[in-house]
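Report on the structure given below.
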Amino acid sequence: MPAYYFWGDDDFALQKAVQTLRQRTLNEAWASFNYDVVPAEVANGPSQALNQAMTPPFGEGQRLVWLTNTNLGQRCSDAILAEFERTLPQLPDTSVLLLTSTAKPDGRAKFTKLFKTWGEVREFATIPPWKTDQIRQQVAAVAQERGMSLESGTLDLLTEAVGNDTRQLHLELEKLALYWGANPQPIPPAVAAELVTVSTQTSLKLAQVIKQGDTSTALGLVNDLLDRNEPALRIVATLVSQFRLWLWLKALVGVASDAEVAAAAEIANPKRIYFLKQEVRSLSLTQLQRSLPLLLELESDLKQGRDERATLHTKVIELCRLFRPGGA
């Protein structure tokens, strides 16, 4: 298929896909003649990209035309839409047209519907850190792409170690592949534990520590996360999702089946419910209900531009106090 629309905020995964497409499309000896990058801010950028895509390649290989950081998936004039309607069906097999964007294309827009008819749209959105099932699937998929066999325990270890950081995932897998060499056996968790860099300073770890009422450790984790340039609003988003999940579980335990709880909480694997129930066993419904307004206040304060570190410290102290024994 000669037309692609890559979108998402996982820049590493998206750029890796662009590189793979480039290697598949171009003959390196002729790449300087057949590789065109058109920045979105260039005047008439979309028209220029379409014209280049219709130009036969020079020498061997195909032509690759890349329109970067486009907003056509959100906003497309009638004139540009008409150009795409004329050109996309006529794209020669000797050319590949690539559009990239951080934003999701509007599925209702005429441009998006047109592109899906004549091209392929691929998502490279960062998986939310609380969706560990999806992260585990991503670890397994990337390992399979690299021809690596991992034991189940190794998958679990990597899922916890790298989270949704695809850059770190590729680095850790490359390290394991170099060490394991041509050994056909699946890589065991004992080997991975010796080599994989495990970062315990995650927003999910922070949620667990808050749940235990451990103020000192929680404040240390906040500092570590901010020092690693983790966006404060992303930290809060993870906390909100995790505490909302725990609230769902606490409210539904005993009144709904595990399958119903999994559906309500958007958990892909109902078998996880048993382990999640253990996480909320010591918590009261009242504690969890009171946690969400505090987290929403925290989000509001940050969006109003208040100091990130001081604001996070204040609310984390309040949350830890809430979850101490007798806190609610």
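Counting from 5, one number per residue, gives the positions in the sequence shown under the numbering used here.
C-beta atoms are modelled at their ideal positions from N, C-alpha and C, and glycine is treated no differently.
From what residue to what residue does the beta strand (DSSP E) around residue i run?
i	result
residue 250	Segment 236-256 is the alpha helix (DSSP H) holding residue 250; no beta strand (DSSP E) there.
residue 70	67-72
residue 127	124-127
residue 100	99-105
Does any heavy atom of the ligand ADP sit closer than 7 Å to the C-beta of residue i?
i	result
residue 139	Here there are no bound small molecules, and the ligand ADP is not part of this structure.
Less than 8 Å separating the beta-carbons of residue i and residue j?
i	j	result
residue 69	residue 86	no
residue 30	residue 49	no
residue 306	residue 237	yes
residue 40	residue 78	no
residue 191	residue 154	yes
residue 253	residue 244	no
residue 8	residue 171	no
residue 2	residue 76	Residue 2 lies beyond the residue range present for the chain, which begins at 5 and ends at 332; the question has no answer from this structure.
residue 139	residue 158	no
Quick one: is residue i buried, meaning 16 or more other Cβ sit within 10 Å of its Cβ, or exposed?
i	result
residue 23	exposed
residue 197	exposed
residue 185	exposed
residue 204	Legend: pLDDT at residue 204 = 47, less than 50; position of this residue unreliable, value from coordinates given subsequently. Result: exposed.
residue 82	exposed
residue 10	buried
residue 117	exposed
residue 325	exposed
residue 182	exposed
residue 88	buried
residue 279	exposed
residue 231	exposed
residue 282	exposed
residue 267	exposed
residue 242	buried
residue 63	exposed
residue 302	buried
residue 53	buried
Can you tell me the Cα-Cα spacing of residue i and residue j, whole angstroms?
i	j	result
residue 91	residue 112	21 Å
residue 217	residue 133	22 Å
residue 299	residue 94	52 Å
residue 114	residue 59	26 Å
residue 228	residue 175	22 Å
residue 189	residue 98	42 Å
residue 226	residue 284	22 Å
residue 207	residue 119	37 Å
residue 277	residue 311	37 Å
residue 270	residue 309	32 Å
residue 289	residue 328	14 Å
Determine, using beta carbons only, whether residue i comes closer than 8 Å to chain C.
i	result
residue 8	As a matter of chain content, chain C is missing from the structure shown, which is built from one protein chain.
Out of the options, which has the shortest C-alpha to C-alpha gap to residue i?
i	options	result
residue 46	73, 282 and 259	73
residue 180	131, 200 and 156	200
residue 319	291, 223 and 328	223
residue 16	42, 131, 84 and 64	131
residue 304	240, 249 and 276	240
residue 13	100, 6, 105 and 76	105
residue 292	258, 148, 247 and 309	247
residue 136	274, 323 and 295	274
residue 323	212, 148 and 263	212
residue 151	177, 129, 167 and 140	177
residue 296	19, 250 and 67	250
residue 124	193, 6, 210 and 263	6
residue 96	66, 84 and 80	66
Starting from residue i, trace the alpha helix (DSSP H) both ways and give me its first and last residue.
i	result
residue 34	No alpha helix (DSSP H) contains residue 34, which DSSP labels as neither H nor E.
residue 220	219-231
residue 327	312-327
residue 146	136-149
residue 265	262-268
residue 305	289-307
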